[in-house]
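From first to last, the protein sequence lines are chains A and V. Each residue of the first sequence is one higher than the one before, starting from 1 at the first, in our numbering. Each residue of the second sequence is one higher than the one before, starting from 1 at the first, in our numbering. Structure first, commentary second.
2 protein chains.
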Amino acid sequence: MSVTDELLANAERYAATFDKGGLPLPPAKGVAVVACMDARLNPYGLLGLAEGDAHVIRNAGGVITADERRSLAISQRLLGTREIILIHHTDCGMLTFTDDDFKAEIQAETGVKPDWSAEAFADLDEDVRQSIGRIKGDPFIPHTDQVRGFVYEVEAGRLREVKD
Amino acid sequence: MSVTDELLANAERYAATFDKGGLPLPPAKGVAVVACMDARLNPYGLLGLAEGDAHVIRNAGGVITADERRSLAISQRLLGTREIILIHHTDCGMLTFTDDDFKAEIQAETGVKPDWSAEAFADLDEDVRQSIGRIKGDPFIPHTDQVRGFVYEVEAGRLREVKD
């Protein structure tokens with residue numbers, strides 16, 4: 001049995017006890033969270049989010065690229081969110097390599113160099129500030145006065161705010 | 001008090017009861033989930049995921065763009081995941097508009113047309129198949145033999161697999 005099959009069995013249990021109350025499409029709390037994909041970072045447990053509360057956008061690093069700007073534009077323009085919470089975290093995989101080395105390894109193996117930036121970073125707090133800057137500098141995200149950035153400390157389960 | 005402040009109070013409670021056992025960086029279950037950012041879709045509750053289990057990648061629609069290919073390449077190459085679970089869902093915001101209309105509205109308001117595709121779609125199952133195709137066609141994601149796609153039915157809390 002694959003891990004996917006194991007998780008599908010969990011999904012059947014979820015459906016069996018699902019409250020069919022019917023939640024609306026727009027997030028109840030009007031907030032979008034952008035966080036790293038890291039397995040130890042569970043935005044639901046950490047922020048006390050329930051089904052229906054918030055958009056959750058995630059990728060390697062929790063960085064802001066064109067796709068996060070797209071998702072945030074849709075979140076705010078079509079679904080009414082107004083606040084943005086950015087979460088990076090300690091012991092992040094993105095701190096363990098450089099773009100150049102990672103892409104050179106892929107080129108050595110496949111013969112082709114990826115056409116994307118790997119978005120690795122060396123300084124957590126500075127990368128959170130970069131992400132805030134990319135959001136505030138985007139012309140298509142209308143509401144950028146409530147954007148706050150945090151580092152999740154995986155060792156302690158604690159959020160620490162990154163100040164400008 | 002902003003919603004962000006309210007969620008930060010939840011985060012303090014999470015830290016207070018956090019098990020400082022220390023989880024490893026690589027996901028325990030070796031799986032990456034790619035899902036829509038929709039507020040009603042909680043991958044932790046649905047799939048029975050706990051902290052440490054899986055990478056979770058999310059955006060508007062749960063579509064595969066360059067940033068998801070980047071995240072999946074990092075997930076598999078650096079952190080050892082081997083299975084991919086894709087989740088779209090019913091009543092998705094991406095079914096309610098077209099790229100052309102959305103971008104024309106932004107252009108009318110800001111004077112500039114976004115340089116991204118909004119990735120709207122009209123057929124859920126077909127877009128899941130498109131996402132699987134984009135992953136299988138990517139030269140930098142090494143393990144694509146265990147990629148399965150699903151539609152989460154928000155009305156019933158149920159996952160339905162999309163077959164080829």
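Positions of the beta carbon are idealized from the N, C-alpha and C atoms, including for glycine.
A straight-line Cα-Cα distance of about 11 Å links Phe97/A and Ala104/A. The beta carbons of Ile57/A and Ser71/A sit about 5 Å from each other, so the pair counts as a contact at 8 Å. Taking C-alpha positions only, Glu51/A is separated from Lys20/A by approximately 12 Å. Contact note: Ser75/A reaches chain V through Met37, Ala60, using a C-beta cutoff of 8 Å and chain order. Judged by DSSP secondary structure, Ile57/V falls outside any alpha helix (DSSP H) and instead within the beta strand (DSSP E) spanning 54–59.
In chain order, Glu155, Ala156, Gly157 make up the part of chain A whose C-beta sits under 8 Å from the C-beta of Lys20/V. Taking the CA atoms as reference points, His55/A sits about 20 Å from Phe18/A. Here Lys29/A is buried, its C-beta having at least 16 other C-beta atoms within 10 Å. Look at the segment 131–147 of chain V: the residues with a C-beta under 9 Å from a C-beta of chain A are Pro139, Phe140, Pro142, Gln146. Take the alpha-carbon of Gly45/A and the one of Arg40/V: they are about 15 Å apart.
Around the Cβ of Val112/V, a 10 Å sphere holds fewer than 16 other Cβ atoms; the residue is exposed. At least one CB of chain V lies nearer than 8 Å to the CB of Lys29/A. Per DSSP, reduced to three states, the secondary structure at Leu23/A is coil, with no helix or strand assignment. Within chain A, the residues Ile74, Leu78 have their CB atoms less than 9 Å from the CB of Phe97/V, given in chain order.
The C-beta separation of Arg158/V from Ala15/A comes to about 4 Å, placing the pair in contact by the 8 Å criterion. Interface with chain A (8 Å Cβ-Cβ cutoff): Arg70/V is included. In the DSSP assignment, Val128/A falls within the alpha helix (DSSP H) that extends over 124–136. If you check the CB distance, Val33/V and Ile87/V come in under 8 Å. Across the set Thr144/A, Val31/A, Pro114/A, the C-alpha of Pro114/A shows the shortest separation from the C-alpha of Asp99/A. The beta carbon of Val162/V does not come within 8 Å of any beta carbon belonging to chain A, so the residue lies off that interface. Between Ala118/V and Phe102/V, the alpha-carbon positions lie close to 8 Å from each other.
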